[in-house]
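Working notes, structure below.
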Amino acid sequence: MNFVQRAALTGAGIALSSGAMAQSAPVAPIKPKVFTDFGINRTDNYYWLNQPTDPAVLKYLGAENSYYDQQMAGTKANQKKLALEIKNRIKQEDASEPYRDNGYYYYSRYEFASEYPVYCRKKGSVINPEEILLNGDEMGTGQTYFQIGDWAVSDNNQLLAFSVDTVSRRLYTLRFKNLATGKNYPERIANTGGEVVWAADNKTVFYTKKNVTTLLPYQVYRHVLGTDPKADALVYEERDNTFNVHVNRSKSRKYIGIELASSLSSEFRYVDANLPTEQPKVFQRREKGHLYQVEHLGDKFYIRTNWQAPNYRLMTTPVATTGKATWTDALTRHPEIFLDNFELFKEYLVLNERKGGLRQLRVVSLKDKQEHYLPFEEPAYTATIGVNRELDTPVLRYNYTSLTTPPSIFEYDMSTRTSTLLKEQPVLGNYNKFDYVTERVFVKSRDNKFIPMSIVYKKGTKLDGTAPLLQYAYGSYGFSQDPTFSAARLSLLNRGFVYALCNIRGGQEMGRQWFEDGRMLHKINSFTDFIDCSIYLTTPQVSTTGTAKGKQQFTATDKLFAMGGSAGGLLMGAVLNMRPDLYKGVIAAVPFVDVVTTMSDPSIPLTTSEYDQWGNPAEEDYFKYMLSYSPYDNVKRQAYPNILVTTGLHDSQVQYYEPAKWVAKLRAMKTDKNLLLLHTDMAAGHGGASGRFKSIDDTARQYAFMMMLLGKNL
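Residue numbers (mature numbering (1 follows the signal peptide of the UniProt record, and there is no 0)): -22 to -1, 1 to 692.
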């Protein structure tokens, strides 16, 4: 750090350690590698960083971590204070709301100061003695990373299958436990996708296997408990590497399903759970552009499908004839409403729909087709179908949260139309939701679309451009980012921050077309949407809602922060190249920034399954379009704002070397004196640290970074 930069930071009230001038930013060696495609040469000076066992690579990552530690040394006290503050909002001893399944009530709970959950059940009643299925804290002891993937109980309630990951590569080891004796069976099945389902015979399970190089789940195996896993039968193998393979069990328990899914096409195969050795039947053969999912009830299959319905519709077909020719509409179609999900009961059908960017719940009587919606009053909220394992009940369990309402679980009696709150997640420290304000606005984009944006701030926050603001978005894969509560976020709101969630194109908040307009040869819409939201937030607006009527300005460019992770990190990288002047600082978490090189290498995990998202660069049109926005390829000699980049050495989704290369190139190219920091977690992967408290340190790091740049000393 030179004198000018040091003076700027100290002048802003940022404390630096006494040795802050001693260490300069790491400089990665330049080792040019030239790629030539369609007559275009690309020179990658840092391609060599893709060798995780190379001592030179580890040395460079270590140097970046050391530089990060030095530059952030003055924030250590703030980080500790923030982490403790966030931790103190969490109820140490807590339990989920039990749900009933096959005669037992299942729930998870945390013990005091524990990192991982304990999974439990009680037979017949919630007042009966507790039986521990899995003790996550005991199992995770001594592990630098630990996660329980999936778990499933056999139909006779005596056997447990479960999967664990101790590396953070999402390669799960499958284990089995006798619940009567509490003893684990000796067999271990490595490199699974984590999913497991039981057949009805209480001895056979179906599970997926992953390709250890690409990390794609591509095989389904059948294992008989007590036998050598090497003898497991291969039930299905997917040879199209753009598809992922998953297994499930129907709610009726009648069928075991094999789901084959790509971004734009799917296929379902099924096996009678009572006849596990039979060959799977094809429900409806895959067709390009056709996506569908299947559930079973009585003598029918219910199908959520986009066949001749871009926003999806619900159809049925007799169990005996599953081909598309026999499908009929289950309900009157509403083409403008996006069907997100559905739940079957013996006498009711529940639809989770999207309208105006928000989720809503529609209840339909299967007897007389009478229907109604559940009422929700907040301007921005999230309502989703909860855990409903039983068919023969009039009670729907659903989840509700908002930017100000903690996660809540309700039971809704569909016959009497009454809701009962079962649990609202406790937030310690005298939290009062009415101390905060939520607004929902629609920002006009440069091409005349309207982008939903949900905003929250504490009452009394001045909306005159002086408040700092954190703007967040994702905008890829059709994943919708709904407004939800964050206890950690209160540490920002209570210090005068505004938070804005932008539903940019690439998600499905506004229906399927919203997704289509933010992928492939339309991907740049995601970036311009985010920029247009930034311009809105930093420009005076006429408000008719919230606490400030008339003119209001949420923030200014010298107080605006942007954040995104994974594909949202791609968003950050693209926005930084396009409009770096709009932001005080940017946080890019595990960012996907080297689009062309990654998508050109089918051996890199998950590449081939994402051709429908970004395109295949082996085709010239897609290659040139990707090259036009790929953050790594478009770093230029210009001033960039302050940037914090995070990654994990074992990341299975975005390999660590993408952000490492990006930071190295930014260091060589940028013309400013602003901070550029890379933090690599040497023991974690895509999701960061495991455990409910360890991950808080990641959040505290991000918050402290922003507050340092604002000169805030807690």
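For each residue, glycine too, the CB sits at the ideal point set by N, CA and C.
For valine 174, the three-state secondary structure derived from DSSP is strand.
A straight-line Cα-Cα distance of about 7 Å links tyrosine 38 and alanine 6. The three-state secondary structure of glycine 528, taken from DSSP, is strand. Take the alpha-carbon of lysine 347 and the one of lysine 278: they are about 16 Å apart.
DSSP places lysine 59 in the helix class (H, G or I) of the three-state scheme.
Glycine 496 is classed as buried because its beta carbon has at least 16 other beta carbons within 10 Å across all chains shown.
Only residues of its own chain outside the window of five on either side were considered, and among them Thr170, Gly171, Glu173, Pro195, Gln197, Val198, Val223, His224, Val225 have a CB closer than 7 Å to the CB of threonine 186, listed in chain order. Partner residues in the beta bridge of tryptophan 129, as assigned by DSSP, are Phe140.
The three-state secondary structure of alanine 478, taken from DSSP, is strand. A straight-line Cα-Cα distance of about 7 Å links threonine 416 and proline 357.
Contact between the region 402 to 416 and the region 433 to 448 is present: three or more C-beta pairs spanning the two stretches fall below 8 Å. Excluding five sequence positions before and after lysine 672, the CB atoms of its chain that fall closer than 7 Å to its own CB belong to Glu93, given in chain order. Taking 8 Å as the cut-off, the beta carbon of phenylalanine 246 is found no closer than this to the beta carbon of tyrosine 280. The beta carbons of phenylalanine 475 and alanine 451 sit no closer together than 8 Å. Taking 8 Å as the cut-off, the Cβ atoms of arginine 490 and asparagine 284 count as close.
Beta-bridge analysis with DSSP links threonine 295 to Phe279. DSSP places alanine 251 outside both helix and strand once states are collapsed to three, so it counts as coil. Annotation for lysine 422: no alpha helix (DSSP H) segment contains it, though the beta strand (DSSP E) segment containing it runs 414 to 422. For arginine 227 and glutamate 215, the gap between their C-alpha atoms comes out near 19 Å. Of all C-beta pairs linking the region 626 to 645 to the region 55 to 74, fewer than three are shorter than 8 Å, placing the two stretches out of contact. Look at the beta carbons and you see the region 575 to 593 not touching the region 457 to 465: under three pairs across the two are nearer than 8 Å.
C-alpha of alanine 34 to C-alpha of tyrosine 24: approximately 12 Å in a straight line. Cβ-Cβ separation between tyrosine 326 and leucine 344: approximately 6 Å, consistent with a contact (criterion under 8 Å). Following the DSSP letters along the chain, one finds aspartate 599 in no beta strand (DSSP E) but inside the alpha helix (DSSP H) bounded by residues 598 to 607. According to the DSSP secondary-structure assignment, serine 244 is paired through a beta bridge with Ala239. Counting only runs of at least 3 residues, the region 416 to 470 fully encloses the following beta strand (DSSP E) elements, listed from N- to C-terminal order: 428 to 436, 447 to 450.
In the DSSP annotation of this structure, valine 520 is not part of any alpha helix (DSSP H); the continuous beta strand (DSSP E) holding it starts and ends at 519 to 521.
Rounded to the nearest angstrom, the gap between the Cα atoms of alanine 251 and phenylalanine 570 is 40 Å.
Per DSSP, glutamate 108 is not a residue of any beta strand (DSSP E), being assigned neither H nor E. Using a C-beta cut-off of 8 Å, the region 305 to 324 makes contact with the region 356 to 374, since at least three inter-stretch Cβ pairs fall below that distance.
For proline 288, the CB contacts under 6 Å within the same chain, skipping 5 residues up- and downstream, are Arg490 in chain order. Residues Pro558, Tyr561, Lys562, Gly563, Val564, Asn652 of the same chain have their beta carbon placed closer than 7 Å to that of proline 619, with the five preceding and five following residues left out of the count.
Close CB contacts of serine 132 within its chain, under the 6 Å cut and outside five residues either way in sequence, are with Trp176, Asn180 (chain order).
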